[in-house]
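Colleague:
There are 2 protein chains.
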Amino acid sequence: MTGAEGPVRWLREALGYEPRDAALFAAALTHRSAAGPNNERLEFLGDAVLNLVVAHHLYGRFPRASEGDLSRLRARVVSREPLAQVAADLKLGDMLQLGSGELRSGGFRRQSILADALEAVCGALFLDGGLPAAQQAITRLLAPRIAALPDPAMLKDAKTLLQEYLQARSLTLPHYHVERIEGEPHAQTFRVSCEVAELGLRVQGGGSSRRRAEQQAAERMLRAIAPEQAADRGP
Amino acid sequence: MTGAEGPVRWLREALGYEPRDAALFAAALTHRSAAGPNNERLEFLGDAVLNLVVAHHLYGRFPRASEGDLSRLRARVVSREPLAQVAADLKLGDMLQLGSGELRSGGFRRQSILADALEAVCGALFLDGGLPAAQQAITRLLAPRIAALPDPAMLKDAKTLLQEYLQARSLTLPHYHVERIEGEPHAQTFRVSCEVAELGLRVQGGGSSRRRAEQQAAERMLRAIAPEQAADRGP
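Quick note, the sequences are listed as chains A and B, same order. The first sequence lines up with residues 1 to 235 when you count with the numbering used here. The second sequence lines up with residues 1001 to 1235 when you count with the numbering used here.
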């Protein structure tokens, strides 16, 4: 298989897309371990494309979900594992140009390479056909995963996840402290801090109730110490 | 000022944009501390819109910048501080609907509220006028900041930043270890781990040289322990 011919046929068959600039997709399918233009920059762009397309889709589909729930739902669709699975289903691996060292890599490493390449393909779709082309392909590819998303109300809350995360690492539990209560009694705003002393970390959260403020603080702490955990929640 | 009239005039004057759905922009300009539909969900969407528009712009403007450099450059444009400044320049604060508690908040808190509302406005622009409308407004608003971005080559590297971050917190320095070297001598791939024992964290990076692999590992470590630091770099 020479040059861009393989990728073009693959795009046509796997995504139903006819590219204008075949070289762009050849780059999207080239890992940095191989010679020639690789997919790192396209991956940067494609990550943003995927995030927007999925954010937009979820925004419409879950009109009552909070911002935090939407973030968590999105992470279930666009994080490494689901993307690698979609890439595998598309046999994207057969199209990938890899350096000799990477050919043998398996497991986690291989998953990252597949997920990154799928992101790069999304970036190439966006450059080649604009947002509509990317939107169409992404929605089609991810539809089964989006359809299988749990009810936002079933997601574990941030305080619970933070506690579980710290316990699993034998770290002391976080300390929540109400820093300030502002506003009239009927419209108060709570500012709460969350501290994990052992890690020397302290963040704040706010909300219209103490519970909400604590959840926001826990969410921020999770993002700080375990971004993947903050993203990938399950019932 | 009643209902959506103020926002509509503001959009026209500050952004040169004529909204179809004025209620959408009224929501974008309503903080959760106020009554009625607020801007939290639009902020989620707008964050993704901003990230994509700026990613696309930087991708075109810096054709030789690496993925990591592009991420760092973007963070300088779309993080809280610059967004809050843009929002202040637009007098977005005058349009904001806030609960009584929030009216008195200043400094950091006020910056977050302004930046979040600007993101929400970007989300509303996207829903109201599609990506072109958002792209036009965002590019115009952020052009001065994008023009002032440093040469990517001048950005501090991840290893240096990680070291500075840990030193400032009296933590032990990270330990880098070459885990694997693969491939033929002329096309090797290095796998390097970076460990911060005190935090119980260990990540890996890869690249075509030991130096590159270490930088990628440091980058990932920074993202894990200090997302803001990983994003906000300076020369």
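Just so you know, even glycine gets a beta-carbon here, dropped at the ideal spot from N, CA and C.
I want to see whether chain B comes within less than 8 Å of residue 205 of chain A, judged by CB atoms only; does it?
Modeller: Not an interface residue.
Colleague: According to the Cβ coordinates, are residue 1028 of chain B and residue 1130 of chain B closer than 8 Å?
Modeller: The answer is no: Cβ separation not under 8 Å.
Colleague: Can you say whether residue 1095 of chain B is buried or exposed, counting buried as having 16 or more other CB atoms within 10 angstroms of its CB?
Modeller: With 16 or more other Cβ atoms within 10 Å, it is buried.
Colleague: Which residue marks the beginning of the alpha helix (DSSP H) containing residue 1025 of chain B, and which one marks its end?
Modeller: Residue 1025 of chain B -> alpha helix (DSSP H) spans 1022 to 1028.
Colleague: Roughly how many angstroms lie between the CA atoms of residue 1173 of chain B and residue 1158 of chain B, to the nearest whole one?
Modeller: Cα to Cα, the separation comes out at about 13 Å.
Colleague: Going along chain A, which residues have a C-beta under 7 Å from residue 1076 of chain B?
Modeller: Under the 7 Å cutoff, chain A gives no residues; its nearest Cβ is about 15 Å from residue 1076 of chain B.
Colleague: Skipping 5 residues on each side, what residues in its chain have a beta carbon closer than 8 Å to that of residue 1171 of chain B?
Modeller: Here the set comprises 1196, 1198 and 1199.
Colleague: Can you tell me whether residue 1209 of chain B is buried or exposed? The criterion is at least 16 other CB atoms within 10 Å of its CB, across all chains shown.
Modeller: Exposed, since its Cβ has fewer than 16 Cβ neighbours within 10 Å.
Colleague: What three-state label does DSSP hand residue 179 of chain A in the structure shown?
Modeller: Correct three-state label for residue 179 of chain A: strand.
Colleague: Apart from the five residues just before and just after residue 1179 of chain B, which ones in its own chain have a Cβ nearer than 8 Å to its Cβ?
Modeller: If we look at residue 1179 of chain B and ignore the five residues flanking it on each side, its Cβ neighbours are 1191, 1192, 1193 and 1204.
Colleague: Tell me which same chain residues have a C-beta within less than 6 Å of the C-beta of residue 45 of chain A, skipping the five on either side of it?
Modeller: Counting only Cβ-Cβ distances below 6 Å, and skipping sequence neighbours, we find 123.
Colleague: Given a threshold of 16 other Cβ atoms within 10 Å of its Cβ, counted over all protein chains shown, does residue 1189 of chain B qualify as buried or as exposed?
Modeller: It is buried - the Cβ of residue 1189 of chain B has at least 16 other Cβ atoms within 10 Å.
Colleague: Quick check: what's the CA-CA separation for residue 141 of chain A versus residue 24 of chain A?
Modeller: Approximately 20 Å between the Cα atoms of the pair.
Colleague: By alpha-carbon positions, which one of A:152, A:117 and A:165 ends up nearest to residue 63 of chain A?
Modeller: Of the candidates A:152, A:117 and A:165, the one whose C-alpha sits nearest the C-alpha of residue 63 of chain A is A:152.
Colleague: Step through the CB atoms of chain B and report whether any lies within less than 8 Å of the CB of residue 44 of chain A.
Modeller: Yes, because at least one Cβ of chain B sits closer than 8 Å to the Cβ of residue 44 of chain A.
Colleague: At which residues does the alpha helix (DSSP H) containing residue 191 of chain A begin and terminate?
Modeller: No alpha helix (DSSP H) holds residue 191 of chain A; the beta strand (DSSP E) holding it covers 189 to 196.
Colleague: What residues in its chain sit with their C-beta under 7 Å from that of residue 1098 of chain B, if we drop five residues either side in the sequence?
Modeller: Excluding residues within five positions, the ones whose Cβ falls inside 7 Å are 1031, 1033 and 1034.
Colleague: Around the Cβ of residue 148 of chain A, are there at least 16 other Cβ atoms within 10 angstroms (buried) or fewer (exposed)?
Modeller: Residue 148 of chain A should be labelled exposed.
Colleague: Quick one: is residue 1007 of chain B buried, meaning 16 or more other Cβ sit within 10 Å of its Cβ, or exposed?
Modeller: Residue 1007 of chain B should be labelled buried.
Colleague: For the alpha helix (DSSP H) holding residue 1068 of chain B, just list the boundary residues, first then last.
Modeller: Element bounds for residue 1068 of chain B: 1067 to 1078.
Colleague: So the beta strand (DSSP E) residue 201 of chain A belongs to, where does it begin and stop?
Modeller: Segment 201 to 207, the beta strand (DSSP E) holding residue 201 of chain A.
Colleague: Could you tell me whether the Cβ of residue 70 of chain A comes closer than 8 Å to any Cβ of chain B?
Modeller: Chain B contact via Cβ: present.
Colleague: Please report the straight-line C-alpha distance between residue 117 of chain A and residue 51 of chain A, rounded to a whole angstrom.
Modeller: Distance between the alpha carbons of residue 117 of chain A and residue 51 of chain A is about 15 Å.
Colleague: Note down the Cα distance separating residue 5 of chain A from residue 1056 of chain B, rounded to an integer number of angstroms.
Modeller: Distance between the alpha carbons of residue 5 of chain A and residue 1056 of chain B is about 26 Å.
Colleague: Answer with buried or exposed for residue 1214 of chain B, where buried requires no fewer than 16 other C-beta atoms within 10 angstroms of its C-beta.
Modeller: Flag for residue 1214 of chain B reads buried.
Colleague: What does the alpha-carbon distance come out to for the pair residue 60 of chain A and residue 1009 of chain B?
Modeller: So the two alpha carbons sit approximately 27 Å from each other.
Colleague: Measuring straight from C-alpha to C-alpha, what distance separates residue 12 of chain A and residue 79 of chain A?
Modeller: Rounded to the nearest angstrom, the two C-alpha atoms are 25 Å apart.
Colleague: Cα-Cα, which of B:1165, B:1042, B:1039 and B:1043 is closest to residue 1219 of chain B?
Modeller: Nearest of B:1165, B:1042, B:1039 and B:1043 to residue 1219 of chain B, Cα basis: B:1165.
Colleague: For the putative contact between residue 201 of chain A and residue 224 of chain A, defined by C-beta atoms under 8 Å, what is the C-beta separation to the nearest angstrom?
Modeller: Yes, residue 201 of chain A and residue 224 of chain A are in contact; Cβ-Cβ is about 6 Å, under 8 Å.
Colleague: Cβ closer than 9 Å: which chain A residues qualify as neighbours of residue 1049 of chain B?
Modeller: Result: 52, 55 and 56.
Colleague: What does residue 169 of chain A touch in chain B if you count any residue whose Cβ is under 7 Å from its own?
Modeller: Simply 1200.
Colleague: Buried or exposed for residue 1068 of chain B, going by 16 or more other Cβ atoms inside 10 Å?
Modeller: Residue 1068 of chain B comes out buried.
Colleague: Taking just the CA atoms, how far does residue 206 of chain A sit from residue 83 of chain A?
Modeller: Rounded to whole angstroms, residue 83 of chain A to residue 206 of chain A spans 33 Å at the Cα level.
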